[in-house]
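Residue numbers for the sequence shown follow the working numbering, so the first one is -4 and each next one is one higher.
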Amino acid sequence: MIPKPIEIETPALVIREEVVLKNIDRFQRHCDDNGLKLRPHVKTHKCVHFAKAQIAAGATGITCQKIGEAEVMVDGGIHDILIAYNILGDGKLGRLRSLAERTKALSGVADNDVVVDGLSRAFETASRPLLVLVECDTGGHRCGVQSPERAIALSRRISALPGIRFGGLMTYPAIGGQRDVLAFMTLAKAGIEECGIACPVVSSGGSPDMWHARSHGGTITEYRAGTYVFNDRSLVERATCAWEDCAGRIVATVVSVPSAGKAIIDAGSKILTTDLLGLDGFGHVVGHPHARIAGLNEEHGTILCGPDEGLEVGEQVNIVPNHICVVANMVDSAWLESGTGEISLLKIDARGKLS
């Protein structure tokens, strides 16, 4: 008996595995060729399946944003993790210490004395110290110390406290800010080493600038990127990748055509999300270059299109989202499409792990 084809109920996230593996291998080769260790950020895919594929391709370990993500990855058998986020509160510090006892290599970050002191107290009696990187603001204007001098001072504080050990420097730079990264890190690293403190890791990142990633004579040792694994409309618009490199697409169904040139799909803000990232509209409709996703309600999306691109009720469309990282966190599972067209369910293991 011929098996009945699997019906994908929409809206759904469909991931083309062949494209994912190509993206993983291509950027891993870039890092290898340019003297960088790659520590991919799993916040994009949130899947043990793809994290293991990245490590198999040569990644040194993974980056997580939250403890919950890291706990899921350790449960899945991954044991070299950087949590690139300030950790505060007794509950989270307890979870962090428990997690460290289950890993081969766990490191965290800090950009202030309060976080550093809390990490020290939590790990003072641990079997091994927690590696702590100083987060630096090199132009991204999120977390991070504001000057090389402050990075030096914080590295000295980390080195003087029990339970923790200085592990290096990290930053998430502004797009196009690689020169600022190099200038900041060169000064900070030199100052730290003049204090007699080793600075083995200098970690930068960001998918938008990933093809410009270089070690700059060994100053930058590691690169963190997340979006590259799937790619999205924002990276296409920045010429970082092409449409065919976008592995994650949302399949939606036209449920109404209230007037000529206007169609309503069953994908709204609860799957496409409202992230614009400076773009016009809420995604790219594949095969319909003049169609525009002009508006979203929770469960409805409004597509405006030209007279020669009229969509019909029941028709399915494929959408490359503006920002794939937030989309993956909106669904419990995605459809994984093989190179031969076979599809299977893929659990989004760390979906909703926000703490």
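Backbone N, C-alpha and C fix where the C-beta goes; we use that ideal spot for every residue, glycine too.
Keep in mind the model is a prediction, meaning the values are calculated, not measured.
In the DSSP annotation of this structure, the continuous segment of the beta strand (DSSP E) that includes residue 259 starts and ends at 257 to 260. Residue 100 is bridged by DSSP to 75. Excluding sequence positions up to five before and after residue 252, its CB lies within less than 6 angstroms of the CB of 258 and 308, all in the same chain and listed in chain order.
Assignment of beta-bridge partners to residue 296 by DSSP yields 260 and 291. If you look at residue 26, you'll find it in the alpha helix (DSSP H) that goes 12 to 28.
Looking at 190, 117, 288 and 341, the one whose alpha-carbon comes closest to that of residue 243 is 341.
For residue 238, the CB contacts under 8 angstroms within the same chain, skipping 5 residues up- and downstream, are 231, 279, 281 and 315 in chain order.
The Cβ-Cβ distance between residue 125 and residue 159 falls below 8 angstroms. The straight-line gap separating the alpha-carbon atoms of residue 95 and residue 101 is approximately 6 angstroms. Shown here for residue 229: same chain residues with a beta carbon closer than 7 angstroms to its own, the five before and five after excluded, namely 272, 274, 317 and 318 in chain order.
When DSSP states are grouped into helix, strand and coil, residue 269 belongs to the coil group. Relative to the Cα of residue 145, the nearest Cα in the group 136, 132 and 207 belongs to 132. Taken atom to atom, the span from the alpha-carbon of residue 135 to that of residue 303 is near 43 angstroms.
For residue 192 and residue 10, the gap between their C-alpha atoms comes out near 45 angstroms.
In the structure shown, the three-state DSSP call for residue 233 is coil.
Following the DSSP letters along the chain, one finds residue 205 in no beta strand (DSSP E), marked with neither H nor E. Just measuring C-alpha positions, the residue of 226, 43, 142 and 190 sitting nearest residue 18 is 226.
Assigned with DSSP and collapsed to three states, residue 304 falls in helix. In the structure shown, residue 329 adopts extended strand secondary structure according to DSSP, grouped into three states. In chain order, 173 place their CB closer than 8 angstroms to the CB of residue 207, counting only its own chain and leaving out the 5 sequence neighbours on each side. The C-alpha of residue 99 lies about 36 angstroms from the C-alpha of residue 268.
In the three-state DSSP reduction, residue 223 falls in the helix class (H, G or I). Note that the C-beta distance between residue 288 and residue 325 is not below 8 angstroms.
Around the Cβ of residue 349, a 10 Å sphere holds fewer than 16 other Cβ atoms; the residue is exposed. Within 10 angstroms of the beta-carbon of residue 108 lie fewer than 16 other beta-carbons, which makes it exposed.
Of all alpha-carbon atoms in 250, 236 and 91, the one lying nearest the alpha-carbon of residue 62 is that of 91.
The beta carbon of residue 211 sits closer than 7 angstroms to the beta carbons of 177 from its chain, once the five residues preceding and following it are set aside; these are given in chain order.
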